[in-house]
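One structure is given here, and the rest of the page talks about it.
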Amino acid sequence: MSEQVLTILKLCLLALLYLFFFRVLRAVWAEIGAPRPARRADRAVVAAGPAAGPAPAPVPAPPRPSRKAKGTPTELVVVEPPDRRGTRFTVGDELTVGRAAGCQITIEDTYVSSLHARVFRRDGQLMVEDLGSTNGTYLNRAKVGGAVAMAKGDRLQFGNTILEAA
650 MSEQVLTILK
660 LCLLALLYLF
670 FFRVLRAVWA
680 EIGAPRPARR
690 ADRAVVAAGP
700 AAGPAPAPVP
710 APPRPSRKAK
720 GTPTELVVVE
730 PPDRRGTRFT
740 VGDELTVGRA
750 AGCQITIEDT
760 YVSSLHARVF
770 RRDGQLMVED
780 LGSTNGTYLN
790 RAKVGGAVAM
800 AKGDRLQFGN
810 TILEAA
């Protein structure tokens with residue numbers, strides 16, 4: 650091969666190497682810079698689930714009590730796991746759920762994605778939306794696809810953690 654062809658091949662290889670590093674850095678930046686940190690009062694860590702294993706099937710919820718009051722929920726209360734039962738999270742305009750430190754509800758569960766779901770208000774209603782998590786988000790044991798409205802007494806499941814709207 651001529652000297653010019655080798656030089657062109659070297660430059661192409663160098664360009665591909667830089668492109669690869671650019672893609673890696675972009676993926677890392679997207680993972681690190683996802684949600685903004687919340688106020689410290691609303692942040693808590695919820696521990697749940699085994700350290701490894703296959704993805705769990707949705708945990709059957711105990712029979713739901715009848716809806717106590719009509720209206721929009723203002724809090725999410727941990728129902729499962731038992732060691733975190735009763736932990737309350739005030740719902741503002743929007744909060745995120747996941748394993749990442751920047752999430753307002755941080756859940757230490759291998760079945761929960763770094764940025765798993767978001768709970769937000771739209772037109773006076775509380776909504777939940779899955780953010781492309783691997784194992785899904787469940788509202789009253791039904792898998793959440795897009796944004797779905799919530800009412801008091803509804804149960805949200807992320808991995809092995811169950812929250813109830815209050």
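Convert by adding 649 to the 1-based position in the sequence shown; the result is the number in my numbering.
Ideal Cβ positions, reconstructed from N, Cα and C, are used throughout, including at glycine.
For residue i, three-class secondary structure by DSSP
{"i": "Lys659", "result": "helix"}
{"i": "Ala800", "result": "coil"}
{"i": "Arg734", "result": "coil"}
{"i": "Gln806", "result": "strand"}
{"i": "Ala664", "result": "helix"}
{"i": "Val740", "result": "coil"}
{"i": "Ala814", "result": "strand"}
Straight-line gap, residue i to residue j (C-alpha atoms, nearest Å)
{"i": "Arg716", "j": "Ala800", "result": "In this prediction, Arg716 scores a pLDDT of 44, lower than 50, which makes its location untrustworthy; the coordinate-derived value is nonetheless stated afterwards. So the two alpha carbons sit approximately 8 Å from each other."}
{"i": "Val746", "j": "Thr723", "result": "16 Å"}
{"i": "Leu780", "j": "Ser762", "result": "9 Å"}
{"i": "Arg689", "j": "Val673", "result": "Because the pLDDT at Arg689 is just 44, under 50, the model does not fix this residue reliably, and the value given afterwards should be weighed accordingly. Distance between the alpha carbons of Arg689 and Val673 is about 31 Å."}
{"i": "Gln653", "j": "Ser782", "result": "49 Å"}
{"i": "Leu744", "j": "Asp732", "result": "23 Å"}
{"i": "Leu764", "j": "Pro730", "result": "20 Å"}
{"i": "Glu680", "j": "Ala750", "result": "11 Å"}
{"i": "Leu663", "j": "Gly735", "result": "56 Å"}
{"i": "Val727", "j": "Phe670", "result": "41 Å"}
{"i": "Ala791", "j": "Ala766", "result": "15 Å"}
{"i": "Val677", "j": "Ile657", "result": "31 Å"}
Cβ neighbours of residue i in the same chain (closer than 8 Å, five flanking residues each side left out)
{"i": "Leu725", "result": "Arg737, Phe738, Val740, Ile754, Val768, Leu805, Leu812, Glu813, Ala814, Ala815"}
{"i": "Asp742", "result": "Phe769, Arg770"}
{"i": "Pro714", "result": "Confidence in Pro714 is poor, its pLDDT being 46 and thus under 50, which makes the residue's placement unreliable; the coordinate value appears in the next sentence. Result list for Pro714: Gly802, in chain order."}
Own chain residues within Cβ distance below 6 Å of residue i, not counting five before or after
{"i": "Ala796", "result": "Met776, Glu778"}
Contact set for residue i: own chain, Cβ-Cβ below 7 Å, skip 5 residues either direction
{"i": "Asn789", "result": "Asp803, Arg804"}
{"i": "Thr721", "result": "Gly773, Gln774, Leu775"}
Original post:
Which runs of the beta strand (DSSP E), 3 residues or longer, sit entirely within the segment 762-792?
Top reply: 766-771, 774-779, 786-788
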